[in-house]
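Asker: With my numbering as the guide, the letters of the sequence shown map in order to residues 1358 to 1599.
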Amino acid sequence: MKAVPPLRRIAAAAASVAFVLPLSAAHGETITLVTGTGALGSLDPNITFYSPGDNVIGPFTSANFASAQSGPHAVIVGPFTGSIAWSAPLPPGVQWISTTASIPPASALYAYSFNVSSAVIGAASLSMTFAVDNGLGSGAIPGLYLNGNPLPNSVNAGLGGLGFTSDLTYADADIAALLTPGLNTLYFYQYDFGGVAGSFFDATISITPGVSAVPEPGTLGMVLAGLVGLMTFARLRRRHDD
Ligand SMILES: [Ca+2]
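(1) Ordered along the chain, which non-local residues of its own chain (more than five positions away) have a Cβ less than 6 Å from that of Asp1346?
(2) Can you find a heavy atom of ligand 1 that lies under 7 Å from the Cβ of Asp1549?
(3) For Phe1417, which three-state DSSP category applies?
(4) How would you write the range of the beta strand (DSSP E) that Ile1454 sits in, first residue to last?
(5) Identify which residue in Phe1545, Leu1543 and Ile1532 has its Cα closest to the Cα of Ser1563.
(6) What is the DSSP secondary structure of Leu1535, reduced to helix, strand or coil?
(7) For the putative contact between Gly1500 and Val1512, defined by C-beta atoms under 8 Å, what is the C-beta separation to the nearest angstrom?
(8) Which residues mark the beginning and the end of the beta strand (DSSP E) in which Phe1521 is found?
(9) Is any non-hydrogen atom of ligand 1 found closer than 7 Å to the C-beta of Pro1524, if you look at the structure I gave you?
(10) Within this structure, are the beta carbons of Asp1490 and Trp1443 separated by less than 8 Å?
(11) Measuring straight from C-alpha to C-alpha, what distance separates Gly1479 and Leu1503?
(12) At 4 residues or longer, what runs of the alpha helix (DSSP H) sit wholly inside the region 1397 to 1452?
(13) State the start and end residues of the unbroken beta strand (DSSP E) segment that holds Ser1511.
(14) Which of helix, strand or coil does DSSP assign to Asn1541?
(15) In angstroms, rounded to a whole number, what distance separates the CA positions of Ala1465 and Thr1542?
(16) Relative to the C-alpha of Pro1538, which candidate in Ser1569, Leu1525, Val1413 and Tyr1548 has its C-alpha closest?
(17) Using DSSP bridges, identify the partner residues of Phe1550.
(18) From Thr1561 to Glu1386, what distance separates their C-alpha atoms?
(19) Are the beta-carbon atoms of Ile1414 and Ala1431 separated by less than 8 Å?
(20) Find out if the Cβ-Cβ distance for the pair Gly1398, Ile1454 is shorter than 8 Å.
(21) So if DSSP puts Val1489 in a beta bridge, which residue, or which two residues, is it bridged to?
(22) On the DSSP letters alone, give me the boundaries of the beta strand (DSSP E) that Ile1388 sits inside.
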């Protein structure tokens, strides 16, 4: 029988290893964060807040962010339908929230914690649809924070002053440096200047996992097992060829 040229064997081995590696790589991760998961009038299970009841309540300290995380839960409310009505209907599965069921005039820093399961974050982006009575952020105080770090251009995000009459959008194409594997928190600063107050958002965080510099034990094991198998096969083949 004709012997398999050594170069072709090496190429076959390399191809097998290359085939094993992508299988062990993690897939992309998509995280959806929405306000108002639950019945109208109930507490939002995902969102807590800090609100001293004032209008301009920032700039925020680490103590304020901690208060938002450990504060009371937001309340799921219907859209205000008074003199200047809130935007409706909302995206599916999304409802307005406020600090209490009576939608009192109060600024609030909402906190929404979530888990990132990717062990290594390669790239990450945020896109969001929202509306807020009255504005996202105030003056020079940003409206969005990731783990306490302000997101760029999140002051009113292009609003004309009233952020509740129609749905608005915000996007940040690169939030990888602000995210961490495990627990993270997105903060939303609802700035209010009187009357009634509330917010909704529908945010999507898309993560592309990075490649770890050190192969995980499972990956390494698969590669080694593949190599041992190939070497055994080559030895048997060589014996057969001889
Ligand atoms: Ca208001």
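Backbone N, C-alpha and C define an ideal beta-carbon position, used for all residues, glycine too.
Answerer: Checking against the coordinates, here is how it stands:
(1) Lying outside 1358 to 1599, the shown extent of the chain, residue 1346 is not represented and no answer is given.
(2) On the sequence shown, position 192 is the one that residue 1549 refers to. Under cutoff, so the answer is yes.
(3) The residue labelled residue 1417 in the question sits at position 60 within the sequence shown. It is coil, neither helix nor strand.
(4) Locating residue 1454 in the sequence shown gives position 97, counting from the first residue. Looking at the DSSP string, the run of the beta strand (DSSP E) that includes Ile1454 is Trp1453 to Ser1455.
(5) Residue 1563 sits at position 206 when you count from the first residue of the sequence shown. Taking only the C-alpha atoms, the option nearest Ser1563 is Ile1532.
(6) By one-based count along the sequence shown, residue 1535 stands at place 178. Helix, per DSSP.
(7) Counted from its first residue, the sequence shown places residue 1500 at position 143. Counted from its first residue, the sequence shown places residue 1512 at position 155. Sure, about 6 Å apart at Cβ, within 8 Å.
(8) Here residue 1521 corresponds to residue number 164 of the sequence shown, with the count starting at 1. Looking at the DSSP string, the run of the beta strand (DSSP E) that includes Phe1521 is Gly1520 to Asp1529.
(9) As a first step, residue 1524 is located in the sequence shown; it is residue number 167 there, counting from the start. The sequence given here has Asp at residue 1524, not Pro. False, no ligand heavy atom lies under 7 Å from that Cβ.
(10) Taking the first residue of the sequence shown as position 1, residue 1490 is located at position 133. Taking the first residue of the sequence shown as position 1, residue 1443 is located at position 86. Result yes, Cβ atoms of Asp1490 and Trp1443 sit closer than 8 Å.
(11) Position 122 of the sequence shown, counted from the start, is the residue given in the question as residue 1479. Position 146 of the sequence shown, counted from the start, is the residue given in the question as residue 1503. About 17 Å.
(12) Whole alpha helix (DSSP H) segments, 4+ residues: 1419 to 1427.
(13) In the sequence shown, counting from the first residue as 1, residue 1511 sits at position 154. Segment: none, Ser1511 is in no beta strand (DSSP E) and carries neither H nor E.
(14) Within the sequence shown, numbered from 1, the residue matching residue 1541 stands at position 184. Correct three-state label for Asn1541: strand.
(15) For the purposes of this step, residue 1465 is identified with residue 108 of the sequence shown, where counting begins at 1. For the purposes of this step, residue 1542 is identified with residue 185 of the sequence shown, where counting begins at 1. If you take the alpha carbons of Ala1465 and Thr1542, they lie about 15 Å apart.
(16) If you number the sequence shown from 1, residue 1538 lands on position 181. Comparing Cα positions, the closest option is Ser1569.
(17) Counting from one through the sequence shown, the residue named residue 1550 turns up at place 193. Per DSSP, none; premise fails for Phe1550.
(18) Position 204 of the sequence shown holds residue 1561. Position 29 of the sequence shown holds residue 1386. If I take the Cα positions, the gap works out to 10 Å.
(19) As a first step, residue 1414 is located in the sequence shown; it is residue number 57 there, counting from the start. As a first step, residue 1431 is located in the sequence shown; it is residue number 74 there, counting from the start. No.
(20) Residue 1398 sits at position 41 when you count from the first residue of the sequence shown. Residue 1454 sits at position 97 when you count from the first residue of the sequence shown. No, the pair does not count as a contact, with Cβ atoms beyond the cut-off.
(21) Along the sequence shown, one-based indexing puts residue 1489 at 132. Paired residues: Gly1520 and Ser1556.
(22) Within the sequence shown, residue 1388 is the residue found at index 31, counting from 1. Run containing Ile1388: Glu1386 to Val1391, per the beta strand (DSSP E) assignment.
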